[in-house]
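Number of protein chains: 2
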Amino acid sequence: RRSHMAVSYTDPQVSMDLLRAVLQPSFNDDIMAVFRKYQKLFEKAAENVKENVGDDIQTDLLIRETCRNALEHAKQLFPEGEAKRAGSEAAIKRSRAADEDYS
Amino acid sequence: RRSHMAVSYTDPQVSMDLLRAVLQPSFNDDIMAVFRKYQKLFEKAAENVKENVGDDIQTDLLIRETCRNALEHAKQLFPEGEAKRAGSEAAIKRSRAADEDYS
């Protein structure tokens, strides 16, 4: 009622995001396991920064920002900017699927 | 020269981001390994959406958007909003460190 369109359960991204939300806790556990591999490196680097720059550095905040940045950059693994190429790929797939329908 | 302040190599976040950039390829491999666990679920969900909504759904784009959303939500593992609490924690740590200096 608040917006012109109600949220539709047939909205593709809404459906996918429901699945994403269900999987997120498990996914977060996996992500934390990955970060644990790098935790000591991050801690050493942050301590080094603190030594060089000054005691008022909050290493935990610095490490958390670095982790968020790593997640942000990891999004490049899943680019959104290839709509045209993906579109033509999808068109090829549709065309193949149509071929299969006729075979 | 473009901005008032040159980028400083003693900028704490710049130093940490250099490390982040060095580790990013390895981190990305780990992230991809995590996503591979969920890939089939995402594919099934996207195929299901496509069946329900229509053939013009590009499942690969839908899945990639879902992956980016999962990474975005994972940032909540590393909250930035606790500056005050973290600040007081850091203050406590500094105070303890100072105590140790005198012991």
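Protein chains in written order, with the numbering used here: chain A, 243 to 345; chain B, 243 to 345. Every residue gets a Cβ at the ideal spot worked out from N, C-alpha and C, and that includes glycine. The structure presented is a predicted model; accordingly, all values stated were derived computationally and were not measured.
| query | result |
| --- | --- |
| Evaluate R278/A with the Cβ neighbour count: other Cβ atoms within 10 Å of its Cβ, from every protein chain shown; 16 or more gives buried, anything less gives exposed. | exposed |
| Under a Cβ-count criterion, where at least 16 other Cβ atoms within 10 Å of its own Cβ denotes burial, should D271/A be classed as buried or exposed? | exposed |
| Contact criterion: CB-CB distance below 8 Å. Does R278/B meet it with respect to chain A? | no |
| For P321/A, which residues in chain B fall below 8 Å Cβ to Cβ? | R306 |
| Restricting to Cα atoms, I'd like to know which of E314/A, E322/A, L304/A is closest to R306/B. | E322/A |
| According to the Cβ coordinates, are F269/B and V276/A closer than 8 Å? | yes |
| Enumerate, from N- to C-terminal direction, the unbroken alpha helix (DSSP H) stretches of 4 or more residues contained entirely within the stretch 296 to 328 of chain A. | 301 to 316 |
| Would you report the Cα separation of A288/B and E314/A, rounded to the nearest angstrom? | 23 Å |
| What does the Cβ neighbour count give for P267/A, buried or exposed, with the cut at 16 atoms within 10 Å? | exposed |
| Where N311/A and D259/B are concerned, what is the direct C-alpha to C-alpha distance, given to the nearest angstrom? | 8 Å |
| State yes or no: is the beta carbon of Q255/A nearer than 8 Å to at least one beta carbon in chain B? | yes |
| Measuring straight from C-alpha to C-alpha, what distance separates Q300/A and P254/B? | 10 Å |
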